[in-house]
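In our numbering, the protein residues as written are 3 to 276. All C-beta atoms in this analysis are idealised placements derived from N, C-alpha and C, irrespective of residue type, glycine included.
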C-alpha cells in the first residue's frame, strides 16, 4: 500500500455530520450522526433523496437527543443501520428492505449490555463506530476514545448462545494520542479500517482532531498488516468500497468536520495494488 491518492470527489448539499457510507446499486447511501434520515444520493444525476427512519424525522438534532447513527452495512437486499450505544437513546437498529422499502426497528440495548459485560467496558466507555457482517457473524468496532477505554472488536454470532468475544486492539498514535476506530469494511480477506486521533477523554464531547489513518487487517486473525496516514487534521468517519480492479482499489470516504454546515464532502481514496 505504498501508493495512494486522496482527492475531494464532490460535495453534497443538504447533509451535515456524515458518519457512514454505503455504495450499492449505483447509489450512495449516507447516514448522519445528527439526523434521523437515511440519505440516498444518485451520483450521476446529482440527486439527493431522504428516507425517514422515524415518525418525526429531523436534522441537526441536539447532541443529547440524537440517535448517533454511526454504522451502515448491507446484508443481501437489506440495509442495516446501528446506533453507537454511547448513551441510552443511541441503541436503535434500523433495517430497510430495498425491494419493498419496509422498515423495521430493534432496540439493541440488551445486546449492548451483553457486549459491555463481555468486554468489561462501562456505559461511559462503550461506543460502536463500525460494523461488518460476514459468515453469519456481526463484527462490531469499539472506539476507545474515552478515559481508560479500549479499542477493540466484538465478534457476535447470529446464534448468540455461542460465545460473544471481545478482542482488544492497540492502534497507532498521532501526537501521542492513540487513534480510535471510526469505521471499517471487509474486502475479500482484508479489513480496511479508519481511525482518528482526537484529544478528548469522552465518547460524548468532541476534541481537537489530530488526524486520521487507514489501516489494513488480515480478516481471519485481525492482525494489522499496514497503516497509512491520510490526514493530520481531518476526521474521516465513513468508508465504502467504490471500485475494485486488479490494479487498484477505490473507496469513498466521508468526513466529520465538526461544523454546522449543511454539506458533506465525499473523498475518493485510490490505492494501487502493485
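Q. Three or more beta-carbon pairs under 8 Å between the stretch 65 to 78 and the stretch 109 to 117, yes or no?
A. By the Cβ rule, the stretch 65 to 78 does not count as touching the stretch 109 to 117, because fewer than three pairs are nearer than 8 Å.
Q: Pull up the CB-CB distance for residue 254 and residue 272, whole angstroms please, since I reckon it's below 8 Å.
A: Rounded, the Cβ-Cβ distance is 11 Å, inconsistent with contact.
Q: May I ask you to report which of helix, strand or coil DSSP gives residue 165?
A: Residue 165 falls in the coil class under three-state DSSP.
**Q.** The alpha helix (DSSP H) enclosing residue 233, as first and last residue numbers
**A.** Bounds of any alpha helix (DSSP H) do not take in residue 233; it lies within the beta strand (DSSP E) bounded by 225 to 233.
Q. So residue 115 is in the alpha helix (DSSP H); what residue range does that whole segment cover?
A. Here the alpha helix (DSSP H) through residue 115 covers 111 to 121.
Q: Using three-state DSSP, classify residue 125 as helix, strand or coil.
A: It is coil, neither helix nor strand.
Q. Among all the DSSP beta bridges, which residues are the ones paired with residue 269?
A. DSSP output for residue 269 lists 10, 255 as bridge partner(s).
Q) For the beta strand (DSSP E) that residue 76 lies in, which residues bound it at each end? A) That run of the beta strand (DSSP E) goes 71 to 77.
Q) On the three-state DSSP scale, how would you describe residue 246? A) In the structure shown, the three-state DSSP call for residue 246 is strand.
Q: Assign residue 106 to buried or exposed, taking buried as 16 or more other Cβ atoms, counted over all protein chains shown, within 10 Å of its Cβ.
A: Per the 10 Å Cβ criterion, exposed.
Q: Determine which residues share a DSSP beta bridge with residue 317 and list them.
A: Outside the modelled stretch of the chain, which goes from 3 to 276, sits residue 317, for which no answer is possible.
Q.
Buried or exposed for residue 16, going by 16 or more other Cβ atoms inside 10 Å?
A. Exposed is the call here.
Q. Tell me which same chain residues have a C-beta within less than 7 Å of the C-beta of residue 177, skipping the five on either side of it?
A. Hits under 7 Å: 199, 212.
Q. Across which residues does DSSP place residue 214 in a beta bridge pair?
A. Paired residue(s): 198, 233.
Q: Classify residue 55 as helix, strand or coil using the three-state DSSP reduction.
A: Residue 55: coil per DSSP, three-state reduction.
**Q.** Option nearest residue 64 by Cα separation, candidates 48, 44, 35
**A.** Relative to the Cα of residue 64, the nearest Cα in the group 48, 44, 35 belongs to 35.
Q.
Report the CB separation of residue 25 from residue 42 in whole angstroms; it is logged as a contact under 8 Å.
A. Not really, about 11 Å apart at Cβ, beyond 8 Å.
Q | Straight-line Cα distance separating residue 159 from residue 165 | A | Rounded to whole angstroms, residue 165 to residue 159 spans 8 Å at the Cα level.
Q | Simplified DSSP state of residue 290, which is helix, strand or coil | A | What is shown of the chain runs 3 to 276, which leaves residue 290 out entirely.
Q) What does residue 22 pair with, by DSSP beta-bridge criteria? A) DSSP output for residue 22 lists 33 as bridge partner(s).
**Q.** From 66, 29, 268, residue whose alpha carbon lies closest to that of residue 51
**A.** The residue from 66, 29, 268 with its alpha-carbon nearest to that of residue 51 is 29.
Q: Could you pull out every residue in the same chain whose Cβ sits closer than 7 Å to the Cβ of residue 188, ignoring the five residues on either side in sequence?
A: 134, 136, 221.
Q.
So residue 85 and residue 94 are supposed to be a Cβ contact under 8 Å. How far apart are they, rounded?
A. Rounded to whole angstroms, the Cβ separation of residue 85 and residue 94 is 5 Å, and the two are in contact under 8 Å.
Q.
Is the beta carbon of residue 80 closer than 9 Å to that of residue 55?
A. For the 9 Å CB-CB criterion, residue 55 and residue 80 do not form a contact.
Q. Are residue 181 and residue 132 touching if we call contact CB-CB under 9 Å?
A. No, they are not a contact pair.
Q) Between which two residues does the beta strand (DSSP E) harbouring residue 144 extend? A) Residues 139 to 144.
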